[in-house]
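A.B. asks: I have a structure here, written as structure tokens, and I will follow up with some questions on it.
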Amino acid sequence: MKSLYIILIFLLLSACSKDFLEEKPLGQLTSENFFLNEDHALQSVNATYEMLRDFRIHVFAYIALTDIISDDADKGSTPSDGAPVLVADEFTLDPGSLIVDDTWQGYYRGVKRANWVIAKVPGIDMDPTLRDRIVGEAKFLRAYFYFNMVRWWGGLPLVLEPLDREDIRIPRATVDEVYAAIITDLTDAAAVLPLKSQYASSDLGRVTKGAAQGLLAKVYLTRHDYDKTVEMAMAVINSNEYSLEPNYAKIFTIEGENGPGSIFEVQATASLIGGWCQFNQVQSIRPAKGWGFNRPSDDLVRAYEPGDPRREATVLYVGEVVPDGSYIVEDNPEMFNERYNQKAWVPDSERASGQGSSQGGGNIRLLRYSDVILMAAEALNELGRSTDALPLVNQVRDRARGTLPPQILKPIETTNQAELREFIWKERRVELGMEQHRWFDLLRTGRAAEVMQAQGKNFIPGKNELLPIPQSEIDLSGGAVSQNPGY
């Protein structure tokens with residue numbers, strides 16, 4: 000295929016240095032007039048980063064298929080609004096569901112861009128260290144896209160190189176084959192990516208060795224390979240590249256972007272056209288500030304221990320003053336049992352001018368240091384090393400407690416494997432609440448049916464662990480792609 004479409008290529012860098020986040024429209028390009036020099040290499044990988052802010056990858060459908068589908072959140076907004084995401088909340092998704100089709104299309108678009116980088120950049124005459132880094136970034140991003148997809152759909156058409164339009168009838172690879180490709184990509188990326196501290200300040204926000212190792216830890220934990228999970232998680236911990244931000248609430252502010260505990264986050268800014276992301280808009284206060292979707296559930300609120308400050312940093316209530324003190328959340332009579340995801344809130348100064356007052360420039364936190372610490376603790380406990388796991392769990396709790404009295408979030412003392420397992424699962428829930436991890440945690444630990452049925456959801460074991468394959472893709476493949484069970 001000679002035509003290659005790169006619609007809006009951005010250099011996606013840090014919240015501290017957004018100067019490279021500027022639009023470079025290149026229009027229609029071909030493989031004959033692109034991938035010729037270092038600038039082209041950088042532009043191509045930045046086009047892959049740009050997909051992370053795409054509406055189909057980390058906005059409406061993503062929130063529905065991670066938070067709203069779980070016991071952490073309900074649909075939110077008004078009762079009549081958001082039919083495309085209500086089907087996730089009610090487990091009535093089908094092969095024609097819009098959010099399923101959009102997500103599939105968006106993620107494969109990201110894979111397509113990564114494939115072009117991986118295939119073409121090695122042939123460019125340029126600085127070899129930079130060339131290897133760019134390919135490593137693309138491999139990380141391709142692995143990230145596939146990791147989310149394999150957890151949603153199971154086996155997938157595994158596309159690892161640019162395709163001709165005639166090559167679309169690709170059957171599904173097995174789950175094991177997809178994970179093998181993910182692990183290979185992340186291992187390759189970890190071998191060439193710089194540490195966070197080795198990047199120039201203007202490049203802060205690009206993926207790092209620690210990000211590749213941290214995502215590998217999560218992949219191995221999902222596969223129940225606990226030895227490898229410990230190896231990768233401890234590599235991140237022992238690198239001394241990351242630490243726990245002392246003030247938990249600060250993590251989710253503009254000032255907290257790319258902070259000491261940030262391992263991988265999507266970069267966004269309101270100061271440049273196209274630099275914003277609708278992740279904030281979809282979840283923000285309705286009507287003037289956003290759409291009001293992704294309401295923290297009653298069950299999540301009950302999960303926090305008395306006095307746990309993480310609840311106040313996660314849930315924004317009617318009558319509460321917003322974090323910057325600029326206004327009070329007013330009651331919206333159209334909404335039932337109104338509350339919002341405070342972690343997605345951004346101040347008015349971070350809303351895109353001319354793009355609608357509610358579209359925000361807040362980064363999306365995808366992998367945090369506390370997540371890696373808790374992954375290490377969980378894997379150690381599963382290996383029978385509960386004594387080694389316990390201090391890691393308490394490290395996360397100690398940070399959350401901060402300067403509060405010692406009776407708040409008392410240290411966990413048990414080293415009984417079964418009891419500590421439950422504590423770790425609960426700690427992950429409250430530490431990472433409303434950050435789009437809960438559903439995948441329920442799936443990998445085999446608790447989805449039990450938990451969702453206890454919430455009164457119409458969860459069918461053997462079916463609802465996976466999403467339906469979009470019918471449009473099955474038709475396009477001429478039947479080469481098969482449907483998931485129950486759909």
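For the sequence shown, position 133 matches number 132 in numbering that gives the first Met the number 0, and the numbering has no gaps at all.
Don't be surprised by glycine CBs; every beta carbon is placed ideally from N, CA and C.
In the DSSP assignment, find the unbroken alpha helix (DSSP H) run with V371 in it and report its ends.
C.D. replies: Taken as a continuous stretch (DSSP letters only), the alpha helix (DSSP H) holding V371 covers 368-381.
A.B. asks: Is the Cβ-Cβ distance between E264 and R364 less than 8 angstroms?
C.D. replies: Yes.
A.B. asks: Which residue marks the beginning of the alpha helix (DSSP H) containing F146, and which one marks its end?
C.D. replies: Here the alpha helix (DSSP H) through F146 covers 127-152.
A.B. asks: Give the straight-line distance between the Cα atoms of D520 and T313, rounded to the nearest whole angstrom.
C.D. replies: This structure cannot settle anything about residue 520, because the visible part of the chain is limited to 0 through 486.
A.B. asks: Thinking I407 and G306 are a contact (beta carbons under 8 angstroms), I'd like their distance in whole angstroms, please.
C.D. replies: Indeed, because the Cβ distance is near 4 angstroms, the residues count as touching under 8 angstroms.
A.B. asks: Strictly by DSSP, which residues pair up with F263?
C.D. replies: DSSP output for F263 lists L366 as bridge partner(s).
A.B. asks: Output the distance between the C-alpha atoms of E426 and G445, rounded to the nearest integer angstrom.
C.D. replies: Using only the alpha carbons, I get a separation of about 17 angstroms.
A.B. asks: Around the Cβ of D70, are there at least 16 other Cβ atoms within 10 angstroms (buried) or fewer (exposed)?
C.D. replies: D70 comes out buried.
A.B. asks: Taking the alpha carbon of V392 as the reference point, which residue from P405, L382, L373 has its own alpha carbon closest?
C.D. replies: If we check each option's Cα against that of V392, L373 comes out closest.
A.B. asks: Relative to the C-alpha of Y247, which candidate in G95, V300, I236, S261 has its C-alpha closest?
C.D. replies: With distances taken between Cα atoms, Y247 lies closest to S261.
A.B. asks: With distance defined between alpha-carbon atoms, name the residue in T173, P127, Q212, P170 nearest to Y143.
C.D. replies: When only C-alpha atoms are compared, the closest one is Q212.
A.B. asks: Does the beta-carbon of L41 have 16 or more other beta-carbons within 10 angstroms, so that it is buried, or is it exposed?
C.D. replies: Its Cβ being crowded by 16 or more others within 10 Å, L41 is buried.
A.B. asks: Where does I250 fall in DSSP's three states?
C.D. replies: In the structure shown, I250 sits in a helix (DSSP, three-state: H, G or I).
A.B. asks: Under 8 angstroms by Cβ, that's how I've got R113 and R141 pegged, so tell me the actual separation to the nearest angstrom.
C.D. replies: Position check: residue 113 holds Ala in this sequence, whereas Arg was assumed. Going by Cβ atoms, the distance from A113 to R141 rounds to 4 angstroms, so yes, they are a contact pair.
A.B. asks: So who's on the other strand from R205, going by DSSP bridges?
C.D. replies: In DSSP, R205 forms a bridge with L203.
A.B. asks: Go through the region 95-122 residue by residue and report every complete run of the alpha helix (DSSP H) that reaches 4 residues or more, in order.
C.D. replies: You should have 97-119.
A.B. asks: Taking only the alpha-carbon atoms, compute the straight-line gap between R443 and S200 and give it to the nearest angstrom.
C.D. replies: Distance between the alpha carbons of R443 and S200: 36 angstroms.
A.B. asks: As a quick exercise: from D126, L243, Q280, pick the residue whose alpha carbon is nearest that of G361.
C.D. replies: Closest by alpha carbon: Q280.
A.B. asks: Go ahead and pull the three-state DSSP assignment for K409.
C.D. replies: K409 falls in the coil class under three-state DSSP.
A.B. asks: On the premise that C276 lies in contact with R52, defined as a C-beta separation below 8 angstroms, what is that separation, rounded to the nearest angstrom?
C.D. replies: Sure, about 4 angstroms apart at Cβ, within 8 angstroms.
A.B. asks: Could you give the distance in angstroms between the alpha-carbon of R309 and the alpha-carbon of Y303?
C.D. replies: Going from the Cα of R309 to the Cα of Y303 covers about 8 angstroms.
A.B. asks: Which partner residues does G75 have in the DSSP bridge list?
C.D. replies: In the DSSP output, where bridge partners are listed per residue, G75 has F292.
A.B. asks: Might you give, ordered along the chain, the residues of its own chain that have their beta carbon closer than 7 angstroms to the beta carbon of E472, omitting 5 neighbours on each side?
C.D. replies: Excluding residues within five positions, the ones whose Cβ falls inside 7 angstroms are W103, V480.
A.B. asks: Could you tell me the boundaries of the beta strand (DSSP E) in which R338 lies?
C.D. replies: 338-340 is the span of the beta strand (DSSP E), which, as asked, contains R338.
A.B. asks: On the DSSP letters alone, give me the boundaries of the beta strand (DSSP E) that L41 sits inside.
C.D. replies: No beta strand (DSSP E) holds L41; the alpha helix (DSSP H) holding it covers 37-49.
A.B. asks: Taking V314 as part of the beta strand (DSSP E), name the residues at either end of that continuous run.
C.D. replies: Note, V314: beta strand (DSSP E), 314-316.
A.B. asks: Where D330 and P286 are concerned, what is the direct C-alpha to C-alpha distance, given to the nearest angstrom?
C.D. replies: Going by the C-alpha atoms only, they are around 10 angstroms apart.
A.B. asks: Have a look at S356 and S283 and give me their C-alpha separation to the nearest angstrom.
C.D. replies: Confidence in S356 is poor, its pLDDT being 49 and thus under 50, which makes the residue's placement unreliable; the coordinate value appears in the next sentence. Taking the straight line joining both Cα atoms gives about 11 angstroms.
A.B. asks: Keeping to the same chain, check which residues put their C-beta closer than 8 angstroms to that of P259; ignore five residues upstream and five downstream.
C.D. replies: Closer than 8 angstroms at Cβ, skipping near neighbours: Y241, S242, L243, E244, Y368.
A.B. asks: Can you tell which of Y219, A378, L185 has its C-alpha closest to the C-alpha of T207?
C.D. replies: Of Y219, A378, L185, the residue nearest in Cα terms is L185.
A.B. asks: Looking at A60 and D101, is the spacing between their C-beta atoms short of 8 angstroms?
C.D. replies: Result yes, Cβ atoms of D101 and A60 sit closer than 8 angstroms.
A.B. asks: Compute the Euclidean distance between the alpha carbons of L20 and A267, then round it to the nearest angstrom.
C.D. replies: Only weak support is given to the placement of L20: the predicted model assigns it a pLDDT of 36, under 50, and the value that follows is read from those uncertain coordinates. Cα-Cα distance, rounded: 8 angstroms.
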